[in-house]
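Below is one structure; the comments refer to it alone.
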Amino acid sequence: MNTEKVAFDIISLAGDAKAELQKALKLAHEGKFAETQSLIDKASEQLQQAHKLQTQELLTREANGEKLSFNVLISHAQDYLMTTYTLKDVAVEIINLYQILKK
Numbered sequence: 317m318n319t320e321k322v323a324f325d326i327i328s329l330a331g332d333a334k335a336e337l338q339k340a341l342k343l344a345h346e347g348k349f350a351e352t353q354s355l356i357d358k359a360s361e362q363l364q365q366a367h368k369l370q371t372q373e374l375l376t377r378e379a380n381g382e383k384l385s386f387n388v389l390i391s392h393a394q395d396y397l398m399t400t401y402t403l404k405d406v407a408v409e410i411i412n413l414y415q416i417l418k419k
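Our numbering runs 316 ahead of the 1-based position in the sequence shown.
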């Protein structure tokens, strides 16, 4: 798979995960906690798929000596993936706080 395709796939998966996390936060704000976990789980799966692409299609190939082209698109994909991972961690904490506050 070429690096541009990998980058677009990572961006797409991270974007979908981000959307799920934003939905989960909105539901938590509304006190609909039963629905939030499935969204967090879905986002986690999407992030795992993106991480797998990153590892198999970029890191492993380069570690095996293949010279990959690095460009702004790859940089954006990496950044978007990592910021979405951070959003997931923060979203889980915020949802937990909402649960405490809404008791």
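Using N, Cα and C, we set each Cβ at its ideal position, and we do this for glycine too.
Asked, Found
"Under 8 Å between C-beta atoms of Asp325 and Leu369", "yes"
"Presumed contact (8 Å Cβ cut-off) between Ile390 and Ala323, rounded CB distance", "5 Å"
"Collapsed DSSP secondary structure at Leu384 in the structure displayed", "coil"
"Element boundaries [alpha helix (DSSP H), containing Thr376]", "Thr376 to Ala379"
"Close-in-space but distant-in-sequence residues of the same chain around Asp332 (CB under 6 Å, 5 per side omitted)", "Gln362"
"Three-pair Cβ contact test at 8 Å for the region 334-352 versus the region 399-415", "yes"
"Residue interval of the alpha helix (DSSP H) (run including Thr371)", "Thr371 -> no alpha helix (DSSP H), and no H or E assigned at all."
"Through-space distance from Leu397 to Ile327, alpha-carbon basis", "7 Å"
"Residue range of the alpha helix (DSSP H) that includes Glu336", "Thr319 to His345"
"Cβ distance (whole Å) where Ala344 is taken to contact Tyr414 below 8 Å", "4 Å"
"Nearest to Asn318 (by Cα), restricted to the options Ile411, Phe386, Leu341 and Thr400", "Phe386"
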